[in-house]
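Encoded as structure tokens, the structure appears first; notes follow it.
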Amino acid sequence: MKKTIIFLLATLCLSFALFAKNRSTLDFKSTALPTDTLKKDSTDPVCGMKVKAGSNRTILYQKTVFGFCSESCKKRFSQEPKKYIKN
Ligand SMILES: [Zn+2]
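The numbering of the sequence shown is the working numbering, which starts it at 8 and goes up by one.
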């Protein structure tokens with residue numbers, strides 16, 4: 008009886024370990040993507056709205072990641088990026 012319990016516990020621990028491993032791999036992958044996650048809170052260059060860090064609605068332009076509040080702002084920026092960037 009005791010052996011069965013230990014076996015069950017070991018199996019449980021192992022599946023938890025595997026679960027945790029898969030999770031961390033996924034997390035690593037999502038943070039490793041270079042261009043499409045906003046690293047810090049930013050401002051939408053088109054309309055001036057705040058965009059939270061972690062947003063995937065972004066464009067990498069001239070080595071800078073720009074975040075957008077909506078797909079329409081993103082589209083407007085992608086058509087004429089120079090219009091919205093102050094140099
Ligand atoms: Zn916007």
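All residues carry an ideal CB built from backbone N, CA and C; glycine is no exception.
For ILE66 and LYS93, what's the separation of their Cα atoms in angstroms?
In the sequence shown, the residue the question calls residue 66 occupies position 59. In the sequence shown, the residue the question calls residue 93 occupies position 86. Computed Cα separation, rounded: 16 Å.
Measure how close the beta-carbons of VAL58 and PHE84 come, nearest whole angstrom, since I'm counting them as under 8 Å.
Mapped onto the sequence shown, residue 58 falls at position 51. Mapped onto the sequence shown, residue 84 falls at position 77. Wrong, their Cβ atoms sit about 12 Å apart, outside the cutoff.
Below 7 Å, is the gap between the Cβ of SER85 and the nearest heavy atom of ligand 2?
This structure lacks ligand 2; the ligands present are ligand 1.
Just verifying my parser: in three-state terms, what is the DSSP assignment at SER62?
Residue 62 sits at position 55 when you count from the first residue of the sequence shown. Three-state result, SER62: coil.
Please report the Cβ distance between ASN63 and ASP43, rounded to the nearest whole angstrom; I am assuming they are in contact, meaning their Cβ atoms lie under 8 Å.
Taking the sequence shown and counting its residues from 1, one reaches residue 63 at position 56. Taking the sequence shown and counting its residues from 1, one reaches residue 43 at position 36. So it is a contact: roughly 5 Å between Cβ atoms.
When you compare the CB positions of ALA60 and LYS81, do they come within less than 8 Å of one another, or not?
Looking up residue 60 in the sequence shown gives position 53. Looking up residue 81 in the sequence shown gives position 74. It is not a contact, given that the beta carbons lie outside the stated cut-off.
Less than 7 Å between the CB of ASP48 and some heavy atom of ligand 1, yes or no?
Within the sequence shown, the letter at position 41 stands for residue 48. Outside the cutoff, so no.
Nearest-angstrom Cα distance between CYS54 and TYR91?
Position 47 of the sequence shown holds residue 54. Position 84 of the sequence shown holds residue 91. Answer to the nearest angstrom: the Cα atoms are 9 Å apart.
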